[in-house]
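One structure is given below, encoded as structure tokens.
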Amino acid sequence: MNALASGGFWAFVGVVAGIYTIFSLGLQLQFGFAGLLNFGQVAFMAIGAYAMAILVVKEGWSTWIAAPLAVVAAAVAGVLLGLPSLRLRADYFAIVTIAFSEIVRYVATNENALTGGSQGTIALGKVGEAAQYNAQWTRFQSWVQGRLHLTSKDAAMLAIVWTVALVLLTLVWLAVRTPWGRVLRAIREDEDAAASLGKNVLSYKLQALALGAALAGVAGLFYAWQFFFFSPDDFQPLLTFFAWMIVILGGLGRIWAVPVGAAIFGFLFAGTRFLDFRPLSSLDSADRAYVRLIVIGLVIIGLVVLRPQGILGKRDEMVLE
Amino acid sequence: MFWQLLVNGLVTGSVIAIAAVGVSLVYGILHLVNFAYGDVIAFGALVAYGCNGPLGLGMVLSALIAMAATAALSVGLDLVLWRPLRARRAGFMSLFLASIGLALVLRQSLLLAAGPQPRSYRVDPYRVYVLGSVRLSQAQLITIATAAVAIMVIGVFLARTTLGQVMRALADDRALAAIAGVDVGRVITYTWILSGLLAGVAGVLAGLVESSFDPNFGFHLLLPIFAAVVLGGIGSAYGALAGGLVLGIAMELSTWTSLFGGVDPVYKPVVAFVVLAAALMVRPQGLFGRARVV
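Order-wise, the sequence lines are chains A and B.
When you line the first sequence up against our numbering, it's residues 848 to 1168, in that order.
When you line the second sequence up against our numbering, it's residues 124 to 417, in that order.
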């Protein structure tokens, strides 16, 4: 069966690309505009997803109240991380952020009473009860499917994710064209110069970090809704590296480069699952997952070596240093 | 209880310390935060397993072969990846990202070649040595002895030998060292060899202490190693040694029940970062780093 010809496959690639667009947009704002080396972006995605699921299952709140609160929780986590660590030198900051993301994952794995532990969200409810956090969401998804006369739920998800992604891309695109965005870029280029003009560098960096974290929180919500179930293992540091790859692949400091990078990544990531020719056909599915990540690793290295400004990036504005 | 935890901490800490020196030397001389180091460690541990398990060689011989293999891998990677990047004058971010890509390639290649199943070395897990109130397994004793020798050798090497002094000079000020007649290219190769040897030692010791390991275990070691490097002050080899020992001991002692009830052992890696965060609040440049580089 030719997977590339099936609509379901393309819808899946599209949803993955949409979620990663929102996720990486946060990193683009943080690194591409404010120059922050955030290597813990996945933590904010985890916080968004977990906060929503916990509020819905444990507190019985409506999804439509829990979801915005979860995004706020991710932003607050960004502020709490940034307050002590943004004073550090860039390379120290990078290591502290990746450590933060691992700490969040450790806590999610071990605080069974709060998160369901390593079993994931299925253990969020009472003992012997499989917890579900997406009943309201599924109803909304069906409603969208009915209104748009779509043939599958995947197509409805695709429409919702990309609508949200386009709105967020537009908002961030407008935001970075304001004086606020210019200050962020000034900080990226020369922190001391920005400070000497009376700009509160720490405050601007905190805002960029928190906004990027909120975007990762939104991505976490969609991640949770798309896969019905998640566990701490879904939030490995690997996801942060995927976002880095997307941002660099697309082009640094370019908002509309993010969906381009994400689409290529989505195809690379989901598409290689279906590669079914020799010699790959002799490998089992676990081995193919390894090959897929080897390919992604090689793409990262290749980009750094061959095209450090990305596909749509401008060499004069920003190149990896 | 206290002494047992202290000794456990020394065991954990010395493994971290050895690896942290390997990371720190490369950072100091090449300005590369080597994210792939954990996977080089895992490679060493697996090579030693291959010699020790299927081939039936002795543990010492297996460890030496593993060290040779990690050193060769490090030098090989310098030739095909890091040297071309240096020629293009790649900066900190490019190098860091390339090392992340390399880490993915290395780890997944190990998983592809060796499989994800856990492995253990052929050592007797039930032989225990008792020293007063402290009980040490054979693996722990080997680790402490090896680590003590390795740390002394590193210390003497850096302080007393010409090559060690040249390495520190290069880390301190590359341009000045080059002007003083240091052959930078050669020292870089020696740095990779040394860093690879240390990865081999750390891999075998970590594999011994953890009793079983899989190709992913290097990555889990990497974060405490980075914490030790940062705690000691990035680029300072002595700092990395001290940072590793401090973190190892802090991680183990945090579980001491007489100390405010102790921390759940699953949070030991978190303790490493809490210690690091607290230390950085006081000294943002790390224990042995100098204020001017901040």
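All C-beta atoms in this analysis are idealised placements derived from N, C-alpha and C, irrespective of residue type, glycine included.
First through last residue of the beta strand (DSSP E) which encompasses residue i
i	result
V389 of chain B	Unbroken run through V389 of chain B: none, as it is neither H nor E.
Residue i at chain A interface by Cβ criterion, 9 Å
i	result
A143 of chain B	no
V198 of chain B	no
P239 of chain B	yes
V417 of chain B	Low per-residue confidence applies at V417 of chain B: pLDDT is 34, beneath 50, and the placement is therefore not dependable, though the value from the model is reported in the following sentence. It does; some Cβ of chain A falls within 9 Å.
R211 of chain B	yes
V369 of chain B	no
I357 of chain B	yes
L148 of chain B	no
A140 of chain B	no
P207 of chain B	yes
A350 of chain B	yes
F411 of chain B	no
S256 of chain B	no
A168 of chain B	no
L293 of chain B	no
N- and C-terminal bounds of the alpha helix (DSSP H) containing residue i
i	result
S222 of chain B	F215 to A237
S359 of chain B	Premise fails: S359 of chain B is in no alpha helix (DSSP H) and is neither H nor E.
P407 of chain B	No alpha helix (DSSP H) holds P407 of chain B; DSSP gives it neither H nor E.
Y980 of chain A	No alpha helix (DSSP H) holds Y980 of chain A; DSSP gives it neither H nor E.
L958 of chain A	It is Glu, not Leu, that sits at residue 958 of chain A in the sequence shown. It is not in any alpha helix (DSSP H) - E958 of chain A carries neither H nor E in the DSSP assignment.
E906 of chain A	No alpha helix (DSSP H) holds E906 of chain A; DSSP gives it neither H nor E.
A294 of chain B	T285 to D295
Q127 of chain B	F125 to L153
A1071 of chain A	V1048 to F1074
V1146 of chain A	S1132 to L1153
T1025 of chain A	Unbroken run through T1025 of chain A: none, as it is neither H nor E.
D162 of chain B	Y160 to N175
S197 of chain B	M182 to L200
G1113 of chain A	A1104 to G1113
W857 of chain A	G854 to L874
Opposing strand residues paired with residue i [DSSP bridges]
i	result
R242 of chain B	B:F336
R258 of chain B	B:V253
Any chain B beta carbon closer than 9 Å to residue i
i	result
V1008 of chain A	no
D938 of chain A	yes
T956 of chain A	yes
L947 of chain A	Reading off the sequence, residue 947 of chain A comes out as Phe, not Leu. It does: the Cβ of F947 of chain A has a partner Cβ on chain B nearer than 9 Å.
V943 of chain A	yes
L1096 of chain A	no
A953 of chain A	This sequence places Tyr at residue 953 of chain A; Ala is not what is there. Chain B, which has a Cβ nearer than 9 Å to the Cβ of Y953 of chain A, makes this yes.
L874 of chain A	no
L883 of chain A	no
R1101 of chain A	no
M848 of chain A	Caution applies to M848 of chain A, whose pLDDT of 45 falls short of 50 and renders its modelled position unreliable; the value that the coordinates give is listed next. No, no contact with chain B.
Proximity of residue i and residue j at Cβ, strictly below 9 Å
i	j	result
V134 of chain B	T266 of chain B	yes
I152 of chain B	R297 of chain B	yes
G161 of chain B	L344 of chain B	yes
Q888 of chain A	L1044 of chain A	no
R1101 of chain A	K1161 of chain A	yes
A194 of chain B	V352 of chain B	no
S334 of chain B	S243 of chain B	yes
L872 of chain A	G1059 of chain A	yes
G1108 of chain A	I1095 of chain A	yes
L281 of chain B	A350 of chain B	no
A1251 of chain A	F859 of chain A	Since the first residue of chain A shown is 848 and the last is 1168, residue 1251 of chain A is not available in this structure.
V1142 of chain A	L1130 of chain A	no
S197 of chain B	I274 of chain B	no
V138 of chain B	G371 of chain B	yes
G145 of chain B	A322 of chain B	yes
P347 of chain B	Y953 of chain A	no
L180 of chain B	W379 of chain B	no
V904 of chain A	T956 of chain A	no
L410 of chain B	A373 of chain B	no
Residues of the stretch 383–407 of chain B in Cβ contact with chain A at a cutoff of 9 Å, in chain order, please. Taking 9 Å as the upper bound on Cβ-Cβ separation, chain A lies near residues D387, V389, Y390, P392, V393, A395, F396, V397, L399, A400, L403, M404 and P407 of the stretch 383–407 of chain B.
Residues from the stretch 224–235 of chain B in contact with chain A, defined by Cβ distance under 7 Å: G224, L225, L227, V228, Q231, S232, L234 and L235
Taking a cut of 7 Å between CB atoms, which residues from the stretch 909–932 of chain A lie near chain B? Residues of the stretch 909–932 of chain A with a Cβ closer than 7 Å to any Cβ of chain B, in chain order: P931.
Compile a chain-ordered list of the residues in the stretch 1143–1157 of chain A whose CB is closer than 9 Å to at least one CB of chain B. I1143, G1144, L1145, V1146, I1147, I1148, G1149, L1150, V1151, V1152 and P1155
Could you run through the stretch 1041–1063 of chain A and flag, in chain order, every residue whose CB is less than 8 Å away from some CB of chain B? none
Check distances from the C-beta atoms of the stretch 1128–1139 of chain A to those of chain B and list, in chain order, the residues that come in under 9 Å. L1130, A1133, D1134, A1136, Y1137, V1138 and R1139
What residues in the stretch 975–990 of chain A bring their beta carbon closer than 9 Å to a beta carbon of chain B? none
Compile a chain-ordered list of the residues in the stretch 327–342 of chain B whose CB is closer than 8 Å to at least one CB of chain A. Residues: none.
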